[in-house]
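Before any comments, here is the structure.
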Amino acid sequence: MGNVNTAIIYYSSTGTNYQMAQWAEQAAKEAGAETKLLKVPELAPEEAIASNPAWKEHYEATKDVPEATTEDLEWADAIIFSAPTRFGNLPAQMKQFLDMQGGLWGAGKTINKVVSGMTSAQNPHGGQEATLLALYTSMMHWGAVIATPGYSDASIFAGGGNPYGTSVTVDQDGNMVEDVEGAVKHQAKRTVDIASRIVAGNE
């Protein structure tokens, strides 16, 4: 599975999706991929971040994580997105990043990128599946190859059974309710595997 450039692009306010992105990067590296772990730019005003201690702590702790760029998307053969749900949709930070890629899309450079998505919410029916479907709608417009986990491994069931992509419930204390580490890592390796087949076919 070597020679697969994999970008793990996330947005996280209090750390859940950052942790999921880290697990995904670890698994992608284990699968032999070249990786970049990247965050999308924060749009919220400083006063909003400061009003939430957990948000502020995470914001300060991850200031050195590089921000994703159009060049990173062009570099990547595979892209794993991770972002929380906001009213059953992508957060504005991730949506703006995607909306800014019109030039890349217009040049045909999003075609055949292998993409997969992960998310989180405060309860099991808090819009997790809808958020991933919203992401995948944009990816269809990109001409990307969507790599969902389906039920391809027992870890998906252990992590809550979401076939669209790993999703996790986060309690009021910020703790992950389901054990999704295995599901995240399986999803990342599956994404790299599918991308490696496409890369090999283009060589």
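Using my numbering, you'd call the opening residue of the sequence shown number 186 and step up by one each time.
A virtual CB, placed ideally from N, CA and C, is assigned to each residue, including glycine.
| Spatial distance of residue 356 from residue 385 (CA atoms) | Position 171 of the sequence shown, counted from the start, is the residue given in the question as residue 356. Position 200 of the sequence shown, counted from the start, is the residue given in the question as residue 385. When rounded, the distance between both Cα atoms is 42 Å.
| said: So within the segment 214 to 238, which uninterrupted beta strand (DSSP E) runs reach at least 3 residues, ignoring any that extend past its ends? | reply: 219 to 224
| If we count the other Cβ atoms within 10 Å of its Cβ and call it buried at 16 or more, is residue 339 buried or exposed? | If you number the sequence shown from 1, residue 339 lands on position 154. Residue 339 should be labelled exposed.
| said: Rounded to whole angstroms, what is the Cα-Cα separation between residue 332 and residue 300? | reply: Working through the sequence shown from its first residue, we reach residue 332 at position 147. Working through the sequence shown from its first residue, we reach residue 300 at position 115. For residue 332 and residue 300, the distance between alpha carbons rounds to 6 Å.
| field | Straight-line gap, residue 366 to residue 336 (C-alpha atoms, nearest Å) | value | By one-based count along the sequence shown, residue 366 stands at place 181. By one-based count along the sequence shown, residue 336 stands at place 151. Whole-angstrom Cα-Cα distance: 16 Å.
| Relative to the C-alpha of residue 209, which residue among 270, 308, 263, 320 is closest? | Numbered from its first residue, the sequence shown carries residue 209 at position 24. It is 263 whose Cα lies nearest to the Cα of residue 209.
| request: Please work out which residues of its chain come closer than 6 Å, Cβ to Cβ, to residue 342, disregarding the five sequence neighbours upstream and downstream, and give them in chain order. | output: The residue given as residue 342 occupies position 157 in the sequence shown. If we look at residue 342 and ignore the five residues flanking it on each side, it has no Cβ neighbours.
| request: Could you check what DSSP says for residue 252 in three-state terms: helix, strand or coil? | output: By one-based count along the sequence shown, residue 252 stands at place 67. Strand at residue 252.
| said: With distance defined between alpha-carbon atoms, name the residue in 324, 197, 380 nearest to residue 293. | reply: Looking up residue 293 in the sequence shown gives position 108. The candidate whose alpha carbon is nearest that of residue 293 is 324.
| Expected contact under 8 Å - CB spacing of residue 269 and residue 305 to nearest Å | For this step, residue 269 is matched to residue 84 along the sequence shown. For this step, residue 305 is matched to residue 120 along the sequence shown. Right, their Cβ atoms sit about 5 Å apart.
| Roughly how many whole angstroms lie between the Cα atoms of residue 417 and residue 298? | No answer is possible for residue 417: the residues shown for the chain start at 186 and end at 388.
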